[in-house]
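As you go down the protein sequences, you meet chains A and B in turn.
Everything in the first sequence is counted per this note's numbering, starting at 1 for the first residue and increasing by one.
Everything in the second sequence is counted per this note's numbering, starting at 133 for the first residue and increasing by one.
Virtual Cβ for every residue (Gly too), placed ideally from N, Cα, C.
Quick caveat: nothing in here was measured; it's all calculated off a predicted structure.
The block underneath contains the structure these notes are about, expressed in structure tokens.
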Amino acid sequence: MTARQEVAKREPTEVQAKAREQELVLAPAVDVFENAQGITVQAEMPGVSKDRLNVQADRNSLLIEGDVVIDMPAGIEALYADVQATKYQRSFVLSGELATDQIEANLKDGVLTVRIPKRAEFQPRKVEVRTA
Amino acid sequence: MLGSLWGRFDTSLFDEFRRLESEMDQLFGRGSLPAGIRAMRRGTFPPINVGATPERVDVYLFAAGLDPKSLDISIQQNLLAVSGERKVPVDEAADYYRQERYDGEFRRVITLPDDVDPNRVEAKYRDGVLQITVQRREAARPRQITVT
Numbered sequence: 001m002t003a004r005q006e007v008a009k010r011e012p013t014e015v016q017a018k019a020r021e022q023e024l025v026l027a028p029a030v031d032v033f034e035n036a037q038g039i040t041v042q043a044e045m046p047g048v049s050k051d052r053l054n055v056q057a058d059r060n061s062l063l064i065e066g067d068v069v070i071d072m073p074a075g076i077e078a079l080y081a082d083v084q085a086t087k088y089q090r091s092f093v094l095s096g097e098l099a100t101d102q103i104e105a106n107l108k109d110g111v112l113t114v115r116i117p118k119r120a121e122f123q124p125r126k127v128e129v130r131t132a
Numbered sequence: 133m134l135g136s137l138w139g140r141f142d143t144s145l146f147d148e149f150r151r152l153e154s155e156m157d158q159l160f161g162r163g164s165l166p167a168g169i170r171a172m173r174r175g176t177f178p179p180i181n182v183g184a185t186p187e188r189v190d191v192y193l194f195a196a197g198l199d200p201k202s203l204d205i206s207i208q209q210n211l212l213a214v215s216g217e218r219k220v221p222v223d224e225a226a227d228y229y230r231q232e233r234y235d236g237e238f239r240r241v242i243t244l245p246d247d248v249d250p251n252r253v254e255a256k257y258r259d260g261v262l263q264i265t266v267q268r269r270e271a272a273r274p275r276q277i278t279v280t
């Protein structure tokens, strides 16, 4: 049996289930900007409280995730839903000049702000031009 | 709990419909399939969920970083309108790599079930979610009738 046949034989339901699983995670909208001091990531995570938020960084990557919890009465039924997932997740690859051990995170009204400073030796220094 | 609720839309039939919808869009362009008259395009800010119980209808607007004072919420019979402005402060000295966050004014109009009581509406804003609760009229609720 060739590989191609095997692919073709895969049950469509299995594939659909996988696609659905992936859909259950929302990628939060982000702004990413850089100034002389470092890089800032601002992510929209409405419905996430501080205790449901997870921000993780190592040398190479930054991971942002959070669970949506909203106040709902018992027995509620959905009439309409733009948001059909309950988890936000997004990750970024970082670069070496960033001081990942000095990351600051702040969550306010569903907006997560993560500040990643540059290592001191990478912060731009003003170069004086001497005139003769 | 939340997942099982909103996830109820996420049936394979729904996926199939969406696939079909995007194929139809490609074939005939947007607007070829009937949609809710007040429905807006996917990705419109802010996303909205609406849920109901026999007693009340809850509308959730996922709008992070709002100033609640900028919000204008009005209801006329069963039409709920929410407008406001979200300002995303811009760092002029910075280089932007991504600007995905919505910045500016928004307005959304939501058709609620016919039996809501426009005099009993409450709104609260928490963790970036605006929740508007509208009570339904007593008469519309299912009533148990006992046989005597």
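Shown here for A/Ala57: same chain residues with a beta carbon closer than 6 Å to its own, the five before and five after excluded, namely Thr100 and Ile103 in chain order. At a beta-carbon threshold of 9 Å, none of the residues of chain A lie near B/Pro274; the nearest stands roughly 12 Å away. Taking C-beta atoms as the reference points, B/Val253 and B/Val266 count as a pair closer than 7 Å. Scanning B/Ile264, B/Val191, B/Ser206 and B/Leu211 for the CA closest to the CA of A/Leu79 turns up B/Val191. Only exposed fits A/Ala132, as fewer than 16 other CB atoms lie within 10 angstroms of its CB. Counting along the chain, B/Phe194 sits inside the beta strand (DSSP E) bounded by residues Arg188 to Phe194.
Relative to the Cα of B/Arg275, the nearest Cα in the group B/Asp223, B/Pro179, B/Asp247 and B/Pro186 belongs to B/Pro186. Contacts with chain B (Cβ-Cβ distance below 7 Å) from the region 93–125 of chain A involve Asp109, Gly110 and Val111, listed in chain order. Relative to B/Gly197, the option among A/Ala29, A/Met72, A/Glu77 and A/Arg115 whose CA is nearest is A/Ala29. For A/Gln42, the chain B residues whose C-beta falls within less than 7 Å of its own C-beta are Arg233, listed in chain order. DSSP places B/Asp204 in the uninterrupted beta strand (DSSP E) bounded by Asp204 to Gln208. Interface criterion not met: the Cβ of A/Ser61 is under 7 Å from no Cβ in chain B.
Taking C-beta atoms as the reference points, B/Phe177 and B/Tyr257 fail to come closer than 7 Å. Counting C-beta pairs with one atom in each stretch, the region 57–67 of chain A and the region 77–97 of chain A have three or more that are closer than 8 Å, which means they touch. Using beta-carbon distances, B/Ala184 counts as an interface residue toward chain A, with a partner under 7 Å.
Each of A/Ile76, A/Val68 and A/Ala43 was checked against the Cα of A/Arg52, and the nearest Cα belongs to A/Val68.
Listed as beta-bridge partners of A/Ile116 by DSSP are A/Ile39. With respect to the 7 Å criterion, A/Leu94 and A/Asn60 are classified as neighbours on the basis of their beta carbons.
If you check the CB distance, A/Asp109 and B/Gly236 do not come in under 7 Å.
Between the alpha carbons of B/Pro245 and B/Ile205 lies a gap of roughly 17 Å. Taking 7 Å as the threshold, the shortest C-beta distance from A/Ser49 to chain B falls below it.
The beta-bridge partner set that DSSP reports for B/Gln263 consists of B/Tyr192 and B/Lys256. For B/Gly216, the enclosing beta strand (DSSP E) begins and ends at Leu211 to Arg218.
Contact residues of the region 230–263 of chain B toward chain A are Arg230, Gln231, Glu232, Arg233, Asp259, Gly260, Val261 and Gln263 (C-beta to C-beta distance below 7 Å). If you ignore the 5 residues before and after B/Leu211, its C-beta comes within less than 8 Å of the C-beta of Val241, Ile242, Thr243 and Leu244, all in its own chain and listed in chain order.
Under the Cβ distance rule, A/Gly75 counts among the residues neighbouring chain B, one pair being separated by less than 7 Å. Bridge pairing for B/Lys201: absent [DSSP].
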